[in-house]
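Position 170 (the sequence shown) corresponds to 166 in the working numbering; numbering is contiguous.
Everything below concerns the one structure shown next.
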Amino acid sequence: MKNQNQQPTPTLHEQTDAKAEVIKLGIDVHQRRHVVVAQTDNETMRSPRGFTPEEFVVWARQLKGKARRIVACYEAGCFGYVLYRRLVALGIECLVVAPRKWDQGVKTDARDARELCSNLDRYLNGNGKALTVVHVPTEEQERRRSLSRQRRSLSDELQRIQNIGTSHGRYYGEHVPSDWWKPKVFAQLRGSLSGFLIELLEPWQKVLEVLGRQLKEATAREERQAATEEIPVGVGALTASVLDSEFVDYERFKNRDAVSSFTGLCPGEASSGGKRRQGSVTKQGPIRGGSIRGQSIKRKFDPFSALPLFCPRPPLQNRGARGAVRGR
């Protein structure tokens, strides 16, 4: 007897028009070519496909009609968030994830895209550790951070070229001070250094003069930016501005572990079995600095810690007192 409640079998046309729930895209991004691996729902991943950046955007737009939800992911890196913003403008969800070494002796673009797609599938199914999602700043926040990092690059470049001059002096047995490139100092060195050494230093001195002016202007810009905000006690204007531009949004950190991970101020560890060995801080993260930077970060996140920023030292009158303090 025929079951009256039985649903009719879908026709081939109806099956073709049915939408998938989710299409997942793992994208290995390069300047002239994107390699993409797609997976529809829980089906087997498709073979990798290569696109130019323009072709990929057109292809991604066409996918919109094939699934209720499209989720893409690619690794953060030198290409910034341009692709992220293009996909979001199309109504496609996009995750920018922390780079990871996927290869095990073999590395290809196709393999990287496949690993990204596979881990995206695990992430969407509830495994939050499959991918480390990167916070995407607004365009304004991104530009401010780029200007802050530009100042750091100017400082590093000035230090590098300054060391070239000092190295030339040592090589030829002459004393060249660290500030040799400053106009007044260089004018004095002309009378004490050999003509050949001056010939070596002069091109670099002109470059350093320009870098010095640009660094001074960039530093003043950062300090002016910090002057518009409340600066915590014990933090300088420049450091406060750098922290603000790097953290972007302090509210996104829910606990001190998240802050430590972001700043690279959590200890390294190599533990196995019953043995636990912790080492120095990992220094893995956008912000890498010494104790002052760590203290500055701690002050910014004072609600997460009951410890004061600077612990006052008790007066040490003699060795006995010093020993008592250490013992305590």
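From the three backbone atoms N, C-alpha and C, an ideal C-beta is built for every residue, glycine too.
Identified DSSP bridge partners for residue i
i: residue 84; result: BP columns for residue 84 are empty, so no partner.
i: residue 34; result: 21
i: residue 129; result: 93
i: residue 157; result: Answer is none; residue 157 lacks a bridge partner.
i: residue 45; result: 32
i: residue 252; result: None; residue 252 has no bridge partner.
i: residue 265; result: 274
i: residue 71; result: 93
i: residue 65; result: 18
Per-residue burial, residue i [other beta carbons within 10 Å of its own, 16 or more giving buried]
i: residue 71; result: buried
i: residue 40; result: exposed
i: residue 44; result: buried
i: residue 218; result: buried
i: residue 15; result: exposed
i: residue 76; result: exposed
i: residue 28; result: exposed
i: residue 326; result: There is simply no residue 326 to check, as the chain begins at -3 and stops at 324 in what is shown.
i: residue 254; result: exposed
i: residue 109; result: buried
i: residue 201; result: buried
i: residue 288; result: Reliability of the predicted coordinates at residue 288 is poor, the pLDDT of 42 falling under 50, and no value is obtained from them.
i: residue 35; result: buried
i: residue 101; result: exposed
i: residue 54; result: exposed
i: residue 38; result: exposed
i: residue 169; result: exposed
i: residue 115; result: buried
i: residue 124; result: exposed
i: residue 256; result: buried
i: residue 269; result: exposed
i: residue 191; result: exposed
Beta carbon of residue i nearer than 8 Å to that of residue j
i: residue 130; j: residue 93; result: yes
i: residue 57; j: residue 86; result: yes
i: residue 113; j: residue 31; result: no
i: residue 151; j: residue 211; result: yes
i: residue 74; j: residue 127; result: no
i: residue 230; j: residue 193; result: no
i: residue 139; j: residue 215; result: no
i: residue 207; j: residue 120; result: no
i: residue 149; j: residue 241; result: no
i: residue 117; j: residue 24; result: no
i: residue 64; j: residue 17; result: yes
Residues near residue i by beta carbon distance below 7 Å, same chain, minus five either side
i: residue 181; result: 173 and 175
i: residue 11; result: Confidence in residue 11 is poor, its pLDDT being 42 and thus under 50, which makes the residue's placement unreliable; the coordinate value appears in the next sentence. No residues qualify anywhere along the chain.
i: residue 84; result: 90
i: residue 286; result: Low per-residue confidence applies at residue 286: pLDDT is 42, beneath 50, and the placement is therefore not dependable enough to give any value.
i: residue 213; result: none
Residues of its chain near residue i, where Cβ-Cβ distance is below 6 Å and the 5 sequence neighbours each way are ignored
i: residue 280; result: 260
i: residue 66; result: 19, 59 and 88
i: residue 313; result: At residue 313, the pLDDT of 45 sits below 50, so the modelled position is not reliable and the matter cannot be decided from this model.
Contact set for residue i: own chain, Cβ-Cβ below 8 Å, skip 5 residues either direction
i: residue 327; result: Since the first residue shown for the chain is -3 and the last is 324, residue 327 is missing from the structure and cannot be characterised.
i: residue 263; result: 274, 275, 276, 277 and 278
i: residue 189; result: 165, 170, 172 and 197
Check your understanding: Using 8 Å as the threshold, is the segment 194 to 211 in touch with the segment 145 to 162, meaning 3 or more CB pairs across them?
Key -> yes
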